[in-house]
Amino acid sequence: MEQSTADGLQAAGVRRSFGNVVAVESMSLNAPRGQVTALVGPNGAGKTTLLLVLATLLVPDAGEVSVAGFDPVGDPASVRARTGWMPDSFGSYETLTAREVLEFVAAAYRLPAARRAERAGELLALVHLSEYAERPVHVLSRGQKQRLGLARALVHDPPVLLLDEPAAGLDPRSRIELRALLRGLAGDGRAVLVSSHVLAELEETADRVVLVDRGRTVSQQRMADLDLGQLRPWRLRALDAAALTAALDARGVDHGPPSPAGVEVLLAGDAAAAELLAALVQDRVAVVSCAPVAGSLEAAYLAMTESRR
Amino acid sequence: MSARTALSGVLTMAGHEFRLRLRAGRWRWLLGAWFIALAVLLGLMRLALVRSGEEEVGTPMLGGLMLLVLALGLLVVPALTAQSVNGDRERGVLATLQTTLLTPLEIALGKLLAAWGTALVFLAVTLPLVAWCMFEGGVAIGRVAITLLVVALLLGVVCAVGQCLSALLARSTTSAVLSYVFVFALTIGTLVVFTLAVAATTEEREVQQRRFEYTTQIAHPERVWWLLAPNPFVVLADAAPRVEPELNRRGRPERSTVDPLGAMGDAVRETRESDQGDAFASIAPGDREPGGPVWPYGLAFNVALGVGAVALTERRLRTPYRSLPRAVRVA
Ligand SMILES: Nc1ncnc2c1ncn2[C@@H]1O[C@H](COP(=O)(O)OP(=O)(O)OP(=O)(O)O)[C@@H](O)[C@H]1O
Ligand SMILES: [Mg+2]
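So the protein lines, in turn, are chains A and B.
Each step along the first sequence adds one to the number in the numbering used here, with nothing skipped, and position 133 is 133.
Take the position in the second sequence, starting the count at 1, then add 1000; the result is the number in the numbering used here.
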């Protein structure tokens, strides 16, 4: 579903330093409309700084940036009207209630007065905070604040979303809901850029992934292309472990020792796994599961950060 | 963008800030203490005036009250804005505000309006006391209106400067301290500098009088009077319309009532008068016309300061940022 990327989000060769600290050295990324793009990298890689550049808060020292077709430095107002930014922490509104915060933000985005209360209600329902609408934001739990932060980014229904670690502090159910929400937002034709450390989560949410490290883009690709041709551990489990290892030995497939969790083998991608599975079924081994030990994203991430240790 | 959108932006911001302020403080106690302190002082003042045989106590009471209100106001007001920008950054809500469609000017004006509005609430609480002064009689309504207006404007200027400092400085404690330093400089500082400047510009002159020849010292306050002009108390006192002098039995104009504001104002205007080296000119006091008014300069200076402060705040709120102060994160 590759839509026109023209008014998604593009950044090329972005650089930003603070004094003599180079936070972002050279980052490039594309976040097309209709897709969720994951921004992944270790602490201090410069993800937040890049998002601040995209959110019209920092001028890049160098590089080309276009958000929803506008230049965040030259025309920040147009970018702001089309961008929802969720910072990594919600901030403290002291005594305001969740509803009041959203109504204020709606007013700040110049929604007509008649629409503000309604919009706040919709968003609270969307992030499952309706029952906390009248509570002071200050007393909400971390995860609840995080969801309110997402609602705040959505107030003006922007076509581009910049979310800085939205999954941090969310409980398992909320994460699943966040996943569905992000898929839905992308499905509506929005460009969604999420930074996150929850790789397993991104694996199921993201269409594209941008790996960054020490201020640089290491790679940028579609999730589907991530594990092409890479040897990764997969885990097989059968009703009869002995029969499984025997069949693997017979076919000359290297494998680890059998454990209650199953037997690990090294495979190069989905196609190889499917092939092996078909063969095992042919050998009448009762295989009950066959899955990668770690997600492909995690594998790519670990490969990227290998050199660091 | 139309003026109407801008206005609604300012009001949105102001309403938000005002609500936060309203809920944060123990206003009832603060305003109550403010009122009681002023009421007690005003009562004492009245007693003192009556005991000293004053007949028309309204005018001196109003003058004293307004000076007190200004003094207490200058104590309270810096606290209202000293954290309005950097405090928001510390609480992590400034950046999300800046990424909305509110312009930096709307944010600056809205925040200022809320703070100034709070200061005006304090002023409004003193209105019953003003009414008391008027009830005592002899107070022209114009005098009341002008003094209230001047106090309101001066408090607004202090709000604007405090807010500007909070936009310029990263730490809210630093900006709070500096706002008080600013108020100190404006009140005590101008007075000290003026006194020193008068001493520094004093000249020695040889005077020849018949057969005697001696040196005398001639002060030139008229060269440095403008150093006093920014002082809020000077502005207030001098801006208050004078009580019309009445003709006494000998047909000379005489002010019948004590008027602290008028007395201060006259004293300040006198500094604009030059002695022109005529050592004996001051022998006949009261005959000299006081110099021109000082308050227009002082008020203009203060208002310009306030406008400049808002302009600077606006500049500092503009994003995207090119440079950041050390150890400050945007978000
Ligand atoms: N205002 C600033 N002044 C100085 N250094 C900064 C500033 N902001 C960020 N940095 C530095 O730039 C680097 C990148 O920071 P950034 O917050 O972008 O990392 P991040 O990828 O978001 O990390 P995390 O995963 O922990 O959120 C860090 O080394 C950080 O210390
Ligand atoms: Mg970060």
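We put the beta carbon where it would ideally sit given N, CA and C, even for glycine.
Asked                                                                                                                                                                                                       : Found
Shortest alpha-carbon distance to A:Thr205 belongs to which of A:Gly189, A:His138 and A:Arg175?                                                                                                             : A:Arg175
What does A:Arg208 pair with, by DSSP beta-bridge criteria?                                                                                                                                                 : A:Thr37 and A:Arg222
Taking 6 angstroms as the cut-off, does the CB of A:Lys145 come closer than this to any heavy atom belonging to ligand 2?                                                                                   : no
Thinking just about the alpha-carbon of each residue, which of B:Val1181, B:Leu1049, B:Arg1046 and B:Leu1041 is nearest to the one in B:Pro1078?                                                            : B:Val1181
Buried or exposed: where does A:Glu201 fall if 16 or more other Cβ atoms within 10 Å of its Cβ makes it buried?                                                                                             : buried
Taking Cβ-Cβ distances shorter than 7 angstroms, what residues in chain B pair up with A:Val105?                                                                                                            : Thr1100
Closer than 6 angstroms to a non-hydrogen atom of ligand 2 - does that hold for the CB of A:Asp88?                                                                                                          : yes
Using a C-beta to C-beta distance shorter than 8 angstroms, which residues of chain B count as neighbours of A:Pro76?                                                                                       : Thr1319 and Pro1320
Residues in its own chain within less than 6 angstroms of A:Ser4 by CB, not counting five upstream and five downstream?                                                                                     : In this prediction, A:Ser4 scores a pLDDT of 45, lower than 50, which makes its location untrustworthy; no coordinate-derived value is stated.
Going by CA-CA distance only, name the one from B:Glu1206, B:Phe1301, B:Asn1302 and B:Ala1014 that's closest to B:Thr1118.                                                                                  : B:Ala1014
Alpha carbons only, please: which of A:Arg80, A:Pro87 and A:Lys145 is nearest the one belonging to A:Thr49?                                                                                                 : A:Pro87
Sorry if obvious, but does the Cβ on A:Thr217 come closer than 6 angstroms to a heavy atom of ligand 1?                                                                                                     : no
Any heavy atom of ligand 2 closer than 6 angstroms to the Cβ of B:Thr1096?                                                                                                                                  : no
At a CB distance below 9 angstroms, what residues from the region 172-204 of chain A approach chain B? Give them in sequence order.                                                                         : none
Please confirm whether B:Arg1021 has its beta-carbon closer than 7 angstroms to some beta-carbon of chain A.                                                                                                : no
Any heavy atom of ligand 1 closer than 6 angstroms to the beta-carbon of A:Gly44?                                                                                                                           : yes
Could you tell me which uninterrupted beta strand (DSSP E) segments, each at least 3 residues in length, are contained entirely in the region 56-121 of chain A, listed from first to last along the chain? : 62-67 and 83-86
Apart from the five residues just before and just after B:Pro1293, which ones in its own chain have a Cβ nearer than 7 angstroms to its Cβ?                                                                 : Asp1238 and Arg1269
Quick check: is the beta carbon of A:Arg110 nearer than 7 angstroms to any beta carbon in chain B?                                                                                                          : yes
If you drop the 5 nearest sequence neighbours on each side, which residues of the same chain put their C-beta closer than 7 angstroms to that of A:Ala273?                                                  : Trp234, Leu267 and Cys290
For the region 77-90 of chain A, list every residue whose C-beta sits within 8 angstroms of some C-beta in chain B, in sequence order.                                                                      : Ala77, Arg80, Ala81, Thr83, Trp85, Pro87, Asp88, Ser89 and Phe90
Around the Cβ of B:Tyr1214, are there at least 16 other Cβ atoms within 10 angstroms (buried) or fewer (exposed)?                                                                                           : exposed
Taking the straight line between their C-alpha atoms, what separation do you get for A:Pro166 and A:Gly34?                                                                                                  : 19 angstroms
Does any residue of chain B bring its CB to less than 7 angstroms from the CB of A:Ser17?                                                                                                                   : no
Assign B:Phe1122 to buried or exposed, taking buried as 16 or more other Cβ atoms, counted over all protein chains shown, within 10 Å of its Cβ.                                                            : buried
Any idea if B:Gln1098 is buried or exposed, counting beta-carbon neighbours within 10 angstroms, 16 or more meaning buried?                                                                                 : buried
Can you tell which of B:Leu1299, B:Val1139 and B:Ala1160 has the C-alpha that lies nearest to the C-alpha of B:Glu1055?                                                                                     : B:Val1139
Nearest by alpha-carbon distance to A:Leu51: which of A:Ala168, A:Val160 and A:Tyr132 is it?                                                                                                                : A:Val160
Does the CB of B:Ala1095 have a neighbour CB from chain A at under 7 angstroms?                                                                                                                             : yes
Give the secondary structure of B:Met1001 by DSSP, where H, G and I count as helix, E and B as strand, and everything else as coil.                                                                         : coil
What are the residues in the region 1059-1077 of chain B lying within 7 angstroms of chain A by C-beta distance?                                                                                            : none
Would you mind reading off the limits of the alpha helix (DSSP H) that contains B:Tyr1180?                                                                                                                  : Ser1172 to Phe1184
So, using beta-carbon positions, are B:Leu1102 and B:Ala1160 closer together than 7 angstroms?                                                                                                              : no
If you pair each beta-carbon of the region 1222-1237 of chain B with each one of the region 1149-1163 of chain B, do three or more pairs fall below 8 angstroms?                                            : yes
When you compare the CB of A:Val218 with every CB in chain B, is at least one pair closer than 7 angstroms?                                                                                                 : no
Any beta-carbon of chain A closer than 7 angstroms to the one on B:Ala945?                                                                                                                                  : Shown here, chain B extends from 1001 to 1331; a query on residue 945 of chain B therefore has no answer.
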